[in-house]
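These notes concern the structure reproduced below.
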Amino acid sequence: MREKIIGILGGMGPEATIDLFTKIVKGTKVKKDQDHFRILIDNNPKIPDRTLAIRGKGPSPLPQLIQSARLLEEAGADFIIIPCVTAHYYYEPLKKKVRIPILHIIEETVKFVEKRYKAIQKLGLIATTGTLRTGLFQKAFSSTGIGLILPSPEIQKRYIMEAIYGKKGIKAVGPSEESRMLIIKAAESLILKGAQAIIAGCTEVPLVLKEGDISVPVIDPVSILAQAAMAKAKSPKR
């Protein structure tokens with residue numbers, strides 16, 4: 068039985084792409100190099116910013132998303148994963164442009180939460196302004212009975228977007244103690260509102276927010292996507 072080849076449509080940003088790749092490598096039980104999955108990566112940081120596009124302040128990333136997805140398909144990937152939550156706003160038109168499946172990071176997260184955290188009624192969401200505006204998580208969780216607690220506009224701008232997009236943010240300088248503390252403050256504000264767990268709903272967030280940093284569980288969609296990709300790669304190739 069041949070394992071499926073994983074394609075990572077990355078570069079949004081590069082640190083998140085490294086994180087997903089690392090989690091797949093570290094999460095694979097192996098005895099030798101040859102036991103690892105074959106992974107194709109297109110790390111394309113030239114893809115236009117998703118949040119700016121959604122806010123009407125920048126070009127659409129869809130053409131370059133399609134280009135990268137087709138590149139992975141032509142290179143031999145059997146399916147694609149995307150370590151960028153906001154990019155999933157373009158999931159429907161993107162998947163129509165390739166013949167191979169694209170795993171959906173938010174759908175995988177919902178399935179994980181329903182299975183692992185059955186008693187949870189309220190989740191706090193830390194995500195980019197673009198993701199919040201699209202309602203991607205809100206729609207995905209709407210049929211679960213789990214309520215989402217969103218940051219106030221002030222917390223969103225002062226802590227979350229500053230930690231991700233600021234001059235010393237993760238996208239500019241990588242993970243730092245400064246960005247970590249900003250995200251922790253945002254998470255704590257959601258906990259005070261009643262959040263029983265926090266979704267790290269931007270793929271840069273798990274780079275600085277770890278389990279144990281706050282008083283409630285941290286739900287990491289990147290780890291969830293990595294596990295889903297490994298499971299799919301192991302499934303028989305049709």
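First residue of the sequence shown? That's 68 in the working numbering, and the numbers climb one at a time after it.
We put the CB at the ideal spot given by N, CA and C, even for glycine.
Quantities reported herein were computed from a predicted structural model and do not represent experimental measurements.
Residue i: first and last residue of the uninterrupted beta strand (DSSP E) it sits in
{"i": "Leu76", "result": "73 to 77"}
{"i": "Leu192", "result": "189 to 193"}
{"i": "Asp145", "result": "Per DSSP, Asp145 belongs to no beta strand (DSSP E) and is neither H nor E."}
{"i": "Ala267", "result": "265 to 267"}
{"i": "Asp55", "result": "Residue numbering for the chain in the displayed model covers 68 to 305; residue 55 lies beyond these limits and cannot be assessed."}
{"i": "Ile114", "result": "Premise fails: Ile114 is in no beta strand (DSSP E) and is neither H nor E."}
Contact set for residue i: own chain, Cβ-Cβ below 8 Å, skip 5 residues either direction
{"i": "Ile106", "result": "Ile72, Ile73, Gly74, Ile75, Phe88, Ile91"}
{"i": "Glu140", "result": "Gly74, Ile147, Val165, Arg166, Ile167"}
{"i": "Leu276", "result": "Ile193, Arg247, Ile250, Ile251, Ala254, Ile265, Ala267, Val285"}
{"i": "Lys216", "result": "The residue you asked about is not Lys; residue 216 is Ile in the sequence shown. Excluding residues within five positions, the ones whose Cβ falls inside 8 Å are Lys189, Leu190, Gly191, Leu192, Leu257, Lys260, Gly261, Ala262."}
{"i": "Tyr156", "result": "Arg117, Ile121, Gly197, Thr198, Thr201, Leu203"}
{"i": "Lys84", "result": "Note that residue 84 is Thr in the sequence shown here, rather than Lys. Closer than 8 Å at the Cβ level, and outside the excluded window around Thr84, lie Ile75, Gly77, Gly78, Ile108, Asn110, Pro150."}
{"i": "Asp86", "result": "Pro150, Thr270, Pro273, Leu274, Val289"}
{"i": "Ile187", "result": "Val180, Ile213, Gln263, Ala264"}
Proximity to residue i [Cα-Cα], best of the options
{"i": "Lys185", "options": "Glu271, Gln263, Met228", "result": "Gln263"}
{"i": "Val272", "options": "Lys235, Pro303, Ile227, Val283", "result": "Ile227"}
{"i": "Cys269", "options": "Gly279, Pro220, Leu170, Thr176", "result": "Thr176"}
{"i": "Gly212", "options": "Ala230, Gly123, Val180, Thr95", "result": "Val180"}
{"i": "Gly125", "options": "Glu278, Ile114, Gln134, Ser135", "result": "Ile114"}
{"i": "Lys178", "options": "Val152, Ala207, Glu159", "result": "Ala207"}
{"i": "Ser210", "options": "Ile237, Lys235, Glu174, Ser243", "result": "Glu174"}
{"i": "Glu82", "options": "Pro303, Ser243, Arg183", "result": "Ser243"}
{"i": "Leu129", "options": "Val97, Pro160, Ala296", "result": "Pro160"}
Start-to-end residues for the alpha helix (DSSP H) that takes in residue i
{"i": "Ile251", "result": "244 to 259"}
{"i": "Glu159", "result": "158 to 162"}
{"i": "Ile291", "result": "288 to 301"}
Straight-line Cα distance separating residue j from residue i
{"i": "Pro323", "j": "Arg137", "result": "The shown model of the chain, from 68 to 305, leaves out residue 323, and the question about it has no answer."}
{"i": "Gln294", "j": "Gln101", "result": "19 Å"}
{"i": "Leu292", "j": "Ile172", "result": "6 Å"}
{"i": "Glu278", "j": "Gln223", "result": "21 Å"}
{"i": "Arg205", "j": "Pro218", "result": "Looking at the sequence itself, residue 205 is Gln, so the reference to Arg does not match. If you take the alpha carbons of Gln205 and Pro218, they lie about 13 Å apart."}
{"i": "Gln134", "j": "Lys299", "result": "23 Å"}
{"i": "Gly236", "j": "Val152", "result": "18 Å"}
{"i": "Tyr158", "j": "Lys98", "result": "36 Å"}
{"i": "Pro112", "j": "Gly80", "result": "6 Å"}
{"i": "Lys93", "j": "Arg183", "result": "21 Å"}
{"i": "Gly123", "j": "Thr195", "result": "15 Å"}
{"i": "Thr95", "j": "Phe104", "result": "8 Å"}
{"i": "Val240", "j": "Lys234", "result": "8 Å"}
{"i": "Arg225", "j": "Pro303", "result": "47 Å"}
{"i": "Ala296", "j": "Leu170", "result": "8 Å"}
{"i": "Glu221", "j": "Leu132", "result": "31 Å"}
Spatial neighbours of residue i in its chain, beta-carbon cut-off 6 Å, leaving aside the 5 residues before and after
{"i": "Gly143", "result": "Ile72"}
{"i": "Ile281", "result": "Ala254"}
{"i": "Ser127", "result": "Ala120"}
{"i": "Ala230", "result": "Gly236, Ser246, Leu249, Ile250"}
Nonlocal neighbours in the same chain, by C-beta distance under 7 Å from residue i, ignoring five residues either side
{"i": "Lys301", "result": "Glu70"}
{"i": "Tyr232", "result": "Lys238"}
{"i": "Leu163", "result": "According to the sequence displayed, residue 163 carries Lys and not Leu. Within the same chain, Lys163 has no close Cβ partners at all."}
{"i": "Val283", "result": "Ile258, Ala262, Gln263, Ala264, Ile265"}
{"i": "Asp145", "result": "Lys71, Ile72, Ile167, Lys304"}
Entirely enclosed beta strand (DSSP E) segments - the stretch 169 to 238, minimum 3 residues: 189 to 193, 214 to 216
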